[in-house]
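Numbering (the numbering used here), first residue to last: 1119 to 1224.
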Amino acid sequence: MKNLPTALIAATGLIVGFAVAVASGSRALGGLVLVICGLPCIAIWLRRDGPQTAAVLTIAGLVAFALSHLLGLVIGAWPSVLLTAAGTAALYWRASDSRVAQRASL
């Protein structure tokens, strides 16, 4: 489990969570999707990278989620979600997932 790419899980959670919220009309249901994708990421970071990295990446994800709402007012909801998902995935890849990929290629 600790080799799973958290960047992909997190980006999927943001995009699918928003799609579920829009399609169902329930923000809570969309939030549930975020939680379902976010908790495994936190568990993976704790095992793979330790509590400090897990805390930093979790806070970064929460801040990105909040900022996506503000960005949505400027560029629109879907572009904001996609941009936030890409940025968050890039951060998670750089800070955590890429090290696993490097070890696997050696």
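Backbone N, C-alpha and C define an ideal beta-carbon position, used for all residues, glycine too. No experiment lies behind these values; they were computed from the predicted model shown.
Distance, residue j Cα to residue i Cα
i: T1202; j: T1176; result: 14 Å
i: W1196; j: D1167; result: 31 Å
i: V1218; j: N1121; result: 6 Å
i: I1193; j: A1208; result: 20 Å
i: R1145; j: S1216; result: 32 Å
Where residue i sits in the DSSP three-state scheme
i: L1150; result: helix
i: L1122; result: coil
Cβ separation of residue i and residue j, assumed to be a contact under 8 Å, to the nearest whole Å
i: A1139; j: T1206; result: Their Cβ separation, rounded to whole angstroms, is 17 Å, which puts A1139 and T1206 out of contact at 8 Å.
i: V1134; j: V1153; result: Incorrect: roughly 12 Å between the Cβ atoms, too far for contact.
Return the chain-ordered ranges of every alpha helix (DSSP H) run that is complete within the segment 1132–1211 and spans a minimum of 4 residues.
The segment 1132–1211 is shown to contain whole alpha helix (DSSP H) runs of 4 or more residues at 1145–1167, 1169–1193, 1195–1210, in chain order.
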